[in-house]
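Plus 5 on top of the position in the sequence shown (first one is 1) and you've got my numbering. See below for the structure under consideration.
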Amino acid sequence: MSSKKLIEKAEKTSLLTKEEIVEILKDNSINQQLFNTANRVRKNFVGESVHLRGLIEFSNICKCSCKYCGLRKDNSTIKRYRMSSQEIMRLAQSALSYGYKTIVLQSGEDAFFDTEKMCSIIRKIKKLGFAITLSLGEKTFEEYQAYKHAGADRYLLRIETTDKKLYENLHPFMSFENRKRCLKDLKSLGFETGTGCLVGLPGQTYESLAEDILFFKEIDADMIGLGPFIPCPQTPLEKASGGTFESALKVMALTRLLLPDINIPATTAMETLHPNGRIIALQCGANVVMPDITEGEYRQQYAIYPGKADVQNTPLEYKDKITVQIQSIGRTISDTFGFRNNHLKNN
Ligand code: 5AD
Numbered sequence: 006m007s008s009k010k011l012i013e014k015a016e017k018t019s020l021l022t023k024e025e026i027v028e029i030l031k032d033n034s035i036n037q038q039l040f041n042t043a044n045r046v047r048k049n050f051v052g053e054s055v056h057l058r059g060l061i062e063f064s065n066i067c068k069c070s071c072k073y074c075g076l077r078k079d080n081s082t083i084k085r086y087r088m089s090s091q092e093i094m095r096l097a098q099s100a101l102s103y104g105y106k107t108i109v110l111q112s113g114e115d116a117f118f119d120t121e122k123m124c125s126i127i128r129k130i131k132k133l134g135f136a137i138t139l140s141l142g143e144k145t146f147e148e149y150q151a152y153k154h155a156g157a158d159r160y161l162l163r164i165e166t167t168d169k170k171l172y173e174n175l176h177p178f179m180s181f182e183n184r185k186r187c188l189k190d191l192k193s194l195g196f197e198t199g200t201g202c203l204v205g206l207p208g209q210t211y212e213s214l215a216e217d218i219l220f221f222k223e224i225d226a227d228m229i230g231l232g233p234f235i236p237c238p239q240t241p242l243e244k245a246s247g248g249t250f251e252s253a254l255k256v257m258a259l260t261r262l263l264l265p266d267i268n269i270p271a272t273t274a275m276e277t278l279h280p281n282g283r284i285i286a287l288q289c290g291a292n293v294v295m296p297d298i299t300e301g302e303y304r305q306q307y308a309i310y311p312g313k314a315d316v317q318n319t320p321l322e323y324k325d326k327i328t329v330q331i332q333s334i335g336r337t338i339s340d341t342f343g344f345r346n347n348h349l350k351n352n
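Here it is as structure tokens:
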């Protein structure tokens, strides 16, 4: 079947084989058709509203050594910070006044925030009336369970790549099996579970990207965040060539075709590689934006890769800017919590 026909089939059935995905990834003559189809599927399944999630990056301290990430523990050139729970609560209060319905708490793998400290923060934020998404890395089943009991609703943990060899090469001292165990635990505990991958890693193939997309479907992910790999100074991959905006967009559009009703953010990495990257992503399958609501000097210091978009704006400026942009493409800002499967009910 031609790639054109394969895209039509995917729109109708939400199914593609690995070989078919590879075919579409390889063929750049059909990109516009792929993007238009993903946009239509997004509209039909999750509607016109865009969910804004307020992102608080509360600690850039990390015990991991992921070879692509600027926050890796071996990078001694960045200034490390850890917010107090009062600072986190102040940001959550501001988010409330800006109209956010979800807070995303993201950090490096920072052992300072033990289960008790995390649960106390979760309970306080929950009391303000937010839905809570966590992005704290790999934890035990018991820790995830405690977060859930404290009131967390969603959890983001990218698989990064499903190529086991590549995964283990990029993540010293970590195991692919444990990563998958975490995702399984999160699902079984009833979290809305988000995962995703990097696009353009050294040694990554079309076949492995196709496997990534099929993995998202296999575990029935509720959210998929993905973006281009952007080489970061002071990391072992600083000289690598990195991913392109277009290829990340293609993987995202294909993800929308195969998982039509999930939440997909237009990621900061997309905006970093293209000045209008977020809005383009929203027109190629995405339906979520996660504005960084971290304030002050911390905003620059969460430097997972260079040139991170939005660090120049204050959170309020950015919220206003993205609202205008979203409305200018005929979309609306959601005033619901934006859980998966509730889309059409609460649009
Ligand atoms: N380029 C793009 N994305 C990156 N991430 C980490 N380092 C980079 C980089 N250099 C992504 C990872 C992680 C998320 C929080 O940021 O996919 O899961």
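Note that beta-carbon positions come from the ideal geometry of N, C-alpha and C, so glycine has one too.
Cβ-Cβ distances below 6 Å link C74 to I309 in the same chain, with the five nearest sequence neighbours on each side left out; the list follows chain order. Distances taken from the Cβ of E165 to the heavy atoms of the ligand 5AD include one shorter than 8 Å.
With a threshold of 8 Å, the Cβ atom of Q239 does not count as near the ligand 5AD, since no heavy atom of the ligand is closer than that. Secondary structure within the stretch 104-192: the alpha helix (DSSP H) runs of 4 or more consecutive residues, fully enclosed, are 120-132, 146-155, 169-175 (chain order). Annotation: I29 is outside any beta strand (DSSP E); the continuous alpha helix (DSSP H) that includes it extends over 23-31.
In the three-state scheme derived from DSSP, where H, G and I count as helix and E and B as strand, P270 is classed as strand. Following the DSSP letters along the chain, one finds G199 inside the beta strand (DSSP E) bounded by residues 197-200. Contact check for R87 against D115 passes: the beta carbons are separated by less than 9 Å. DSSP places S89 outside both helix and strand once states are collapsed to three, so it counts as coil.
Checking the 8 Å criterion, the Cβ of S140 is within range of a heavy atom belonging to the ligand 5AD. If you check the CB distance, T200 and L254 do not come in under 9 Å.
Of P236, F146, C202, the smallest CA-CA separation from L194 is found for F146. Note on V329: under 16 other CB atoms within 10 angstroms of its CB, so exposed under the neighbour-count rule.
The residue from D32, V55, G247 with its alpha-carbon nearest to that of C237 is G247. Put simply, of S140, G301, A215, F342 the residue whose alpha carbon is nearest the alpha carbon of T198 is S140. Spanning the alpha carbons of N65 and L110 requires a straight line of approximately 12 Å. Taking I334 as the centre and dropping the five residues before and after it, the same chain places the C-beta of I284, L287, Q288 closer than 8 Å to its C-beta, in chain order.
Here DSSP, grouped into helix, strand and coil, assigns T341 to coil. Just measuring C-alpha positions, the residue of E121, S90, F135 sitting nearest S102 is F135.
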